[in-house]
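Residue numbers (the working numbering): 31 to 213. Every residue gets a Cβ at the ideal spot worked out from N, C-alpha and C, and that includes glycine. All values reported here derive from a predicted model rather than from experimental measurement.
Structural data, given as structure tokens:
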């Protein structure tokens, strides 16, 4: 067979393959987008107890939320992804609060005045707790911000998310609602 004919056939096949995969990708759901709106399941592990002050100076303990699904978000005002996800987290809270679950924003390393000033520009309606010295974040082995953990009603960490999410996505709302209404 003529080498030029063989090369022409190979290129023609390659062209069709590229066209096929291009069409396949263009009509497929975006896998990166799907990954950005997932929670990563982890083997259930008991969450370590804490006692932290809220912005009013009242102490809150993890055991205060026993029997509820708890979404715990570790964040800081200087963290760009943290700032980006707070509005969607607040919208999610407004949809989920009637389910009886709890949502906590644990600020890492900032003082009450700085956090209060920040929240005037980025208001949220759920509980903000202060980890000014980073002790709880260190005990919970938080390595990056934002990090969000979902605790089941037994106080076990069952999901972990590192990085920004759109928390008001229907799939995430449904998952958290199902956890709260389940066992």
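Asked                                                                                                                                  : Found
Hey, how far is the Cα of residue 152 from the Cα of residue 76?                                                                       : 31 Å
Which class does residue 152 belong to by DSSP, given the choice of helix, strand or coil?                                             : coil
Nearest to residue 188 by alpha carbon, out of 81, 83, 209?                                                                            : 209
Count Cβ pairs between the region 128-140 and the region 152-164 that sit closer than 8 Å; are there 3 or more?                        : yes
Could you check where the beta strand (DSSP E) with residue 84 kicks off and where it finishes?                                        : 81-84
Express the C-alpha separation of residue 116 and residue 154 in angstroms, rounding to a whole number.                                : 7 Å
By Cβ distance, which residues of its chain are closer than 6 Å to residue 114, with the 5 residues on each side in sequence left out? : 194
Residue range of the beta strand (DSSP E) that residue 132 falls in?                                                                   : 132-138
Go to residue 200, then tell me how far its alpha helix (DSSP H) extends in each direction, as first and last residue.                 : 200-211
What is the DSSP secondary structure of residue 195, counted as helix, strand or coil?                                                 : coil
Taking just the CA atoms, how far does residue 99 sit from residue 130?                                                                : 8 Å
Quick one: measure Cβ to Cβ for residue 176 and residue 103, integer angstroms, because I've assumed they're closer than 8 Å.          : 6 Å
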